[in-house]
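Visitor: Sharing a structure, written as structure tokens. Questions coming.
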């Protein structure tokens, strides 16, 4: 990402990446599975805590990501490759067995405060794409304006998540299990492509392969 020039293309690209990286889609099925035994008020409480935890974690990552990269001598290319690998594992599980692992774990994690933080806030709501983008952005921002832009977009996506998960009881009534499974498989395929692109971009930055044009 080039933060030297703030334009519409940069804003749209960053917003789309954050919607993938900390938007509601990946967390939706796990949230419904892990909270289905709770009443509507408890679901909303878990949703609020999940979103707040993810947003705070995102802001901390953005604030400290660049510093951590320098201290640990990690390049943005290495971060992109690592994020791509982890995301690919998550996406492949979504395609192969949508919801299966989540269902198996439901009985093991019944404390609403615990499940709101892990695994719902991280790594489902704030997933490997979001973590990767925020760490890389932290090291590449060049001005106060660019930093404010990233923080503003984090808060915007967080507000969207808050709207979704604090009204999840109303939304759940309109969602059919079959459509959720189909959408998870389709989104898993798209995420696999995103994971490959992250890894390819990282390998390009590391000089292992020729960087793709336009990235």
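Residue numbers (the working numbering): 18 to 232. For each residue, glycine too, the CB sits at the ideal point set by N, CA and C.
1) Between the alpha carbons of residue 109 and residue 88, how many angstroms are there, rounded?
2) Can residue 32 and residue 18 be called in contact, C-beta distance under 8 Å?
3) Between 49, 113, 99, 30, which lies nearest to residue 189 when the distance is taken from Cα to Cα?
4) Cβ of residue 105 within 7 Å of any heavy atom in the ligand ADP?
5) Between which residues of its own chain and residue 25 is the CB-CB distance below 6 Å, once the five residues before and five after are set aside?
6) Relative to the C-alpha of residue 172, which candidate in 149, 192, 218, 39 has its C-alpha closest?
7) Can you tell me whether residue 135 is buried or exposed? The criterion is at least 16 other CB atoms within 10 Å of its CB, across all chains shown.
8) From what residue to what residue does the alpha helix (DSSP H) around residue 178 run?
9) Residue ranges of each alpha helix (DSSP H) run of no fewer than 4 residues wholly in the region 26-84, ordered along the chain?
10) Cα-Cα, which of 23, 179, 35, 43 is closest to residue 202?
11) Should the region 164-181 be regarded as contacting the region 85-100, the criterion being three or more beta carbon pairs within less than 8 Å?
12) Would you tell me roughly how many angstroms separate the C-alpha atoms of residue 120 and residue 128, rounded to the nearest one?
Guide: Let's see:
1) 32 Å
2) no
3) 49
4) As for the ligand ADP, it is missing from this structure, which has no ligand bound.
5) none
6) When each option's Cα is compared against that of residue 172, the closest is 39.
7) Its Cβ having fewer than 16 others within 10 Å, residue 135 is exposed.
8) 161-182
9) 42-52
10) 43
11) Counting C-beta pairs closer than 8 Å gives fewer than three between the region 164-181 and the region 85-100, which falls short of the contact rule.
12) For residue 120, the predicted model reports a pLDDT of 46, less than 50, meaning its position is unreliable; a value from the coordinates is still stated below. Rounded to the nearest whole angstrom, the CA to CA distance from residue 120 to residue 128 is 15 Å.
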